[in-house]
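Chemist:
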Amino acid sequence: MSASAQQTINLTIASSHPTTFPPVGMMQNFFKPEVDRLLKEGGNKYQIRWKEAYGGTLYKLTDTMEAVRDGITDIGYVGTLWEADTMPLSNLTFFTPFSTDDMTMQATLMDKLVRENAAVRKEWEGNNVKYLGPIVTESYDLWTTKPVGSFADLNGRRINAPGSAARWLQGTGAVAVDGGFPTYYTNIQTGVTEGAVSYFTGIQSVRVYEVAKHVTEVGIGSMFLGGVGMSLDRFNKLPKEVQEALSAAGKAYGDKLIEENKKRNAEARKLMTDDGSTIVKMAPEERQKWVDAMPNIAKEWAADLKAKGIDADKVLANYMDALRASGQKPARNWDQ
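Numbering of the sequence shown is given in the numbering used here, commencing with residue 15 and proceeding in unit increments.
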């Protein structure tokens with residue numbers, strides 16, 4: 015096809031986080047070229063002229079949904095983790111910790127909820143966001159300045175825990191300090207906190223292992239952070255072939271990110287061990303003490319939402335049923 019017959023479409027792709035953060039790196043290195051590849055293979059009628067703005071150049075981490083909703087960017091990493099008020103149901107996994115370490119399972123279950131559950135889908139589309147694909151993490155664990163050998167060792171510690179993750183420390187005696195990845199290093203270095211609840215690739219991306227040398231594998235679980243989203247208005251105005259390419263690339267992105275996370279997780283473990291970190295696994299009985307000490311944060315979350323007219327109980331039950339049916343063994347049945 016001649017160049018003159020090819021239509022160029024301008025799209026902005028952006029994020030609050032840098033490309034060293036795997037979900038954003040994969041937007042740049044996989045999602046974007048995958049859209050280009052699909053369009054080329056699909057007849058080459060359309061070409062995207064991409065404008066890239068990563069690392070918070072257009073907006074900060076508290077505005078990831080609003081930036082897409084308001085058209086500041088066409089496509090972005092929508093961090094539902096920071097949208098507890100506007101997208102509460104999408105935060106479900108943060109209220110059902112210790113349920114599964116399996117990233118593929120977590121991505122599959124949450125992807126299905128966002129696409130097929132009317133209430134969850136409304137959180138995205140009601141905010142003018144077209145959901146394209148899932149972003150999940152490896153399991154959350156603990157990075158601290160002093161060892162945490164037992165559940166009792168948590169008592170009195172000040173720990174960075176982002177957004178809803180602060181609830182995981184309820185009942186433990188630890189003090190949760192809010193903040194995202196960019197704040198952890200300085201907080202720990204200056205003694206504001208004594209560690210962070212996080213995951214290997216995230217910690218590696220901001221070098222927290224340099225100041226918190228003790229890693230305790232607790233298995234808090236894989237979490238749904240949100241997804242790649244696009245302005246729904248913008249999506250709806252695009253030609254069908256472009257919509258299909260974006261949707262297909264979004265689905266493939268979720269799988270590719272998990273693949274990348276597994277690879278990077280192994281690399282991060284080696285890097286931290288080589289750098290002098292100590293990695294230990296919390297004993298199952300100590301882990302269970304932690305789980306049992308927590309209030310039922312899922313039921314509390316659902317009750318809070320019910321008061322606002324949102325039927326979170328139903329979404330919670332659907333999710334936990336699907337989890338158990340898939341063979342996962344949650345350490346606690348949060349819906350009961």
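Idealized CB from N, CA, C, for every residue including glycine. For clarity, every value in this text was computed on a predicted model and none was experimentally measured.
Identify every residue that forms a DSSP beta bridge with Asp155.
Modeler: Answer is Ser212, bridged to Asp155.
Chemist: Take Leu49 as the anchor and find which of Ile89, Gly235, Ala336, Arg171 has the nearest alpha-carbon.
Modeler: For the sequence presented, residue 49 should be read as Val rather than Leu. Among Ile89, Gly235, Ala336, Arg171, the Cα nearest to that of Val49 belongs to Ile89.
Chemist: Can you tell me whether DSSP reads Leu168 as helix, strand or coil?
Modeler: Reduced to three states, the DSSP call for Leu168 is helix.
Chemist: For Asn174, is the classification buried or exposed, using 16 other Cβ atoms within 10 angstroms of its Cβ as the cut-off for buried?
Modeler: Its Cβ being crowded by 16 or more others within 10 Å, Asn174 is buried.
Chemist: State the Cα-Cα distance for the pair Lys328 and Leu319, rounded to the nearest angstrom.
Modeler: Straight-line Cα distance between these residues: approximately 11 Å.
Chemist: Spell out the partners DSSP gives Tyr199 in its beta bridges.
Modeler: Per DSSP, none; premise fails for Tyr199.
Chemist: With Met124 as the anchor, note down where its alpha helix (DSSP H) starts and where it stops.
Modeler: Unbroken alpha helix (DSSP H) run through Met124: 117-130.
Chemist: Which stretch, first to last residue, makes up the alpha helix (DSSP H) that contains Asn275?
Modeler: Where Asn275 is concerned, the enclosing alpha helix (DSSP H) stretches over 254-288.
Chemist: Run through the DSSP bridge pairs and tell me what Val189 is partnered with.
Modeler: Per DSSP, Arg172.
Chemist: Classify Arg362 as buried or exposed, calling it buried when 16 or more other Cβ atoms lie within 10 Å of its own Cβ.
Modeler: Here the chain covers residues 15 to 350 and nothing more, so residue 362 does not appear.
Chemist: Does DSSP put Pro32 in a helix, in a strand, or in coil?
Modeler: In the structure shown, Pro32 sits in coil (DSSP, three-state: anything other than H, G, I, E or B).
Chemist: Met15 to Asn58, Cα distance in whole Å?
Modeler: Caution applies to Met15, whose pLDDT of 48 falls short of 50 and renders its modelled position unreliable; the model cannot decide the point.
Chemist: Put Phe112 into one of helix, strand or coil per three-state DSSP.
Modeler: Three-state DSSP puts Phe112 in coil, outside helix and strand.
Chemist: Three or more beta-carbon pairs under 8 Å between the segment 108-124 and the segment 167-182, yes or no?
Modeler: At 8 Å Cβ cutoff, the stretches touch.
Chemist: Answer with buried or exposed for Ser30, where buried requires no fewer than 16 other C-beta atoms within 10 angstroms of its C-beta.
Modeler: Counting Cβ neighbours within 10 Å, Ser30 comes out buried, since at least 16 surround it.
Chemist: On the DSSP bridge list, what partners appear for Ala67?
Modeler: Paired residues: Ala28.
Chemist: From which residue to which residue does the alpha helix (DSSP H) around Val49 run?
Modeler: Where Val49 is concerned, the enclosing alpha helix (DSSP H) stretches over 46-55.
Chemist: Could you tell me the distance, in whole angstroms, from the CA atom of Thr151 to the CA atom of Trp348?
Modeler: Rounded to whole angstroms, Thr151 to Trp348 spans 20 Å at the Cα level.
Chemist: Whether or not the segment 268-286 and the segment 137-145 are in contact is what I'm after, with contact meaning three or more pairs of Cβ atoms, one per stretch, closer than 8 Å; do they touch?
Modeler: Short answer: they don't touch.
Chemist: Identify whether Pro298 lies in helix, strand or coil by the three-state DSSP scheme.
Modeler: Note: Pro298 maps to helix in three-state DSSP.
Chemist: Enumerate in chain order the residues of its own chain whose CB-to-CB distance from Arg171 is below 6 Å, with the five nearest sequence positions on each side excluded.
Modeler: Taken in chain order, the residues that qualify are Ala188, Glu208.
Chemist: Between the Cα of Ala262 and the Cα atoms of Gly147, Ala28, Ala226, which residue gives the shortest distance?
Modeler: Nearest C-alpha to Ala262: Gly147.
Chemist: Beta carbon of Val294, beta carbon of Glu224: below 9 Å?
Modeler: Result no, Cβ atoms of Val294 and Glu224 do not sit closer than 9 Å.
Chemist: On the CB-based measure, 16 or more other CB atoms within 10 Å of its CB, does Gly163 come out buried or exposed?
Modeler: Per the 10 Å Cβ criterion, exposed.
Chemist: Report the option in Tyr198, Pro176, Thr204 whose CA atom is closest to the CA atom of Ile192.
Modeler: Note that residue 192 corresponds to Asp in the displayed sequence, not to Ile. Answer by Cα proximity: Pro176.
Chemist: Run through the DSSP bridge pairs and tell me what Val229 is partnered with.
Modeler: DSSP output for Val229 lists Trp157, Ile293 as bridge partner(s).
Chemist: Under the assumption that Tyr213 contacts Asp155 (Cβ atoms under 8 Å), give the Cβ distance between them as a whole number of angstroms.
Modeler: Contact flag correct, Cβ pair sits at about 7 Å.
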